[in-house]
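Residue numbers (the working numbering), protein chains in the order written: chain A, 903 to 1200; chain B, 524 to 836.
Glycine is no exception: its CB is placed at the ideal position from the N, C-alpha and C atoms.
All values reported here derive from a predicted model rather than from experimental measurement.
Okay, structure first, notes after.
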């Protein structure tokens, strides 16, 4: 007779692997914040490891800006005698944010297809860190890219540098979070990236085009056509129009945009921008928390 | 006398009773009752569509319980989903690794999801990497690893938070024979240390390595026990006859040789402890009616066929 009581097999204390106590994971509680931070950091790392994403997110809007800006320069005179290159600048910055946010959120579909998301969804942290990680990670990338571009803009004198840059930085963050949340709303129920691209081309690009980025919002003054009336109404109903108006104002504080076109007061622009951010994030959260149908998509 | 660790008389690690699950009109599980003891390797064996993946999803809390009762490590799945998640480690059939991250980074991600951080995380990460012989590959990007190594990283992720129960869905899928041996060695080590290992498989030889097996068919557990006890139910010998006229062969066996048989497609199966000695007389009587006659000990496939009356595929 040797041993009478149950004993674990002899193993080195360094690699002993006994089950956790009843309290859970070695006494440490799963932290949603830690998980969200890690998921956000992962977005960041993945983004910079895929150079084609970095390049396409900056080079494409830059090309758009230079080509359209130069090509349409003679055919356009904006408020305060702005050239098209100047008029198109806020839209280009918004496009950088839009592209980067879209590619960041599209990764949700890849994560699900590649299996990574399954492991996240069965972790003891609930759903909100997934949303927070994706949105904050994607937004941070989009924000930094836009800020780098903005740095070049100021460096080459395409816009006058002033203290209003602080407002620009905050507004860019608000736009980035809104776009990432919007991307999550589109991406979460999707099972293919092709479906996402279809929605992007049909929904997100027109949303960008109709926000006063490419051409000014038609003013409802004098005799205007039904077409202009319809377009003007559509652009006023577009929540992205308001942060673009404010961005334009902050980039060129010396110009009075209200004198020649649609330019609601800063308070309205900020309220709509913030409201849109809260709305998209809330909808994304509700979508992720609700049906579990998407959990099993693969 | 040596009492092995873990004790097989300890409270069950998993209890399922009356578990039913539907996908729309289709009933995937039709009342599953199951008990898995602590520290054993338990295989859920079944062909495609038998309900084993649904059961795995329920145990791993990926889908909510519709009907019945499931307890994992003493925690009710319906009442405390997060509590269950803290006690289980999961290895999915499709890899859950981020291929753009290194082994270390993948494990750090998993650690954050389970509330491990700082020095405790680093120390635990070193332990599991060492234990699964991954220390020298920790800086490698997962997309550069072989299938076997990736599966080991999955195991490392699953056991990082010291789970009481490890759930694995078809863990051998895509692995070459040597990687399968490594995998099973790791699973056996886990079980030896008291972790309950529950895996789904459609591979008979894999289920044979488990301590206990539950065979699922059409959403039900049709039989449960150790592989040896299941085989023993069928007796020592099994004669399998392939014929183009299986009904005629069965009639001859019954009427002329007094042998009861079971027909499965073009095969006739006769169970008998005297199987080897019966073969010459069967061969002589059937002549050209039998295309082939083989004799052997029953396997788990034979258990499945005996219980369901159809082939395992």
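- Residue state for residue 598 of chain B is assigned as strand, using DSSP reduced to three classes.
- Assigned with DSSP and collapsed to three states, residue 765 of chain B falls in strand.
- Using beta-carbon distances, residue 575 of chain B does not count as an interface residue toward chain A, since no partner is under 8 Å.
- Runs of the alpha helix (DSSP H) lying entirely within the stretch 939 to 981 of chain A, each at least 4 residues long, are 953 to 973 in chain order.
- Using a Cβ-Cβ cut-off of 8 Å, residue 1023 of chain A is close to 585 of chain B, given in chain order.
- Secondary structure at residue 645 of chain B: helix, using DSSP grouped into helix, strand and coil.
- The C-beta separation of residue 1039 of chain A from residue 1006 of chain A comes to about 7 Å, placing the pair in contact by the 8 Å criterion.
- Straight through space, the alpha carbons of residue 635 of chain B and residue 940 of chain A are spaced by roughly 6 Å.
- Contact between the stretch 671 to 685 of chain B and the stretch 564 to 584 of chain B is not established, with fewer than three Cβ pairs separated by less than 8 Å.
- Residue 546 of chain B carries a strand assignment under DSSP once its states are collapsed to helix, strand and coil.
- Residues 1152 of the same chain have their beta carbon placed closer than 7 Å to that of residue 1069 of chain A, with the five preceding and five following residues left out of the count.
- Distance from the CA of residue 944 of chain A to the CA of residue 665 of chain B, rounded to the nearest whole angstrom, comes to 14 Å.
- If you check each beta-carbon in the stretch 1000 to 1032 of chain A against every beta-carbon of chain B, the ones closer than 9 Å belong to 1013, 1015, 1016, 1017, 1018, 1019, 1020, 1021, 1022, 1023, 1024, 1025, 1026, 1027, 1028, 1031.
- A direct Cα-to-Cα measurement between residue 1089 of chain A and residue 1191 of chain A gives close to 14 Å.
- For residue 713 of chain B, the uninterrupted alpha helix (DSSP H) run begins and ends at 700 to 715, by DSSP.
- Judged by DSSP in its simplified three-state form, residue 566 of chain B adopts strand.
- Under the three-state reduction of DSSP, residue 1055 of chain A is assigned to helix.
- Residue 733 of chain B sits away from residue 593 of chain B, with the two beta carbons spaced by 8 Å or more.
- Per DSSP, residue 576 of chain B has no beta bridge partner at all.
- In this structure, residue 611 of chain B and residue 678 of chain B do not form a Cβ contact; the two beta carbons are roughly 14 Å apart against a cut-off of 8 Å.
- The DSSP-derived three-state label of residue 627 of chain B is helix.
- Taking a Cβ-Cβ threshold of 7 Å, the residues of chain A close to residue 608 of chain B are 1024, 1025, 1026, in chain order.
- Using a Cβ-Cβ cut-off of 8 Å, residue 627 of chain B does not count as an interface residue toward chain A, since no Cβ of chain A sits closer than that to its own.
- Three or more pairs of CB atoms, one per stretch, sit closer than 8 Å, so the stretch 756 to 767 of chain B contacts the stretch 792 to 800 of chain B.
- With respect to the C-alpha of residue 552 of chain B, the residue from B:688, B:573, B:752, B:814 having the closest C-alpha is B:573.
- Listed along the chain, the chain B residues whose CB falls inside 8 Å of the CB of residue 955 of chain A amount to none; the nearest CB is some 11 Å away.
- Approximately 31 Å separates the beta-carbon atoms of residue 571 of chain B and residue 684 of chain B; this is outside 8 Å, ruling out the contact.
- Per DSSP, residue 676 of chain B is one residue of the alpha helix (DSSP H) stretching across 670 to 682.
- Only those residues of the stretch 655 to 676 of chain B whose C-beta falls short of 8 Å from the nearest C-beta of chain A would be listed, and there are none.
- At a cut-off of 8 Å between C-beta atoms, residue 977 of chain A does not count as an interface residue with respect to chain B.
- Closest in C-alpha terms to residue 558 of chain B, from the list B:817, B:819, B:747, comes B:747.
- For residue 782 of chain B, same chain residues with a beta-carbon under 6 Å away, outside a window of 5 residues either side, are 776, 793 in chain order.
- About 38 Å separates the beta carbon of residue 774 of chain B from that of residue 567 of chain B, a gap too long to meet the 8 Å contact definition.
- Judged by DSSP in its simplified three-state form, residue 1156 of chain A adopts coil rather than helix or strand.
- Those residues of the stretch 757 to 784 of chain B placed with their C-beta closer than 7 Å to a C-beta in chain A do not exist.
- Taken atom to atom, the span from the alpha-carbon of residue 1091 of chain A to that of residue 1104 of chain A is near 17 Å.
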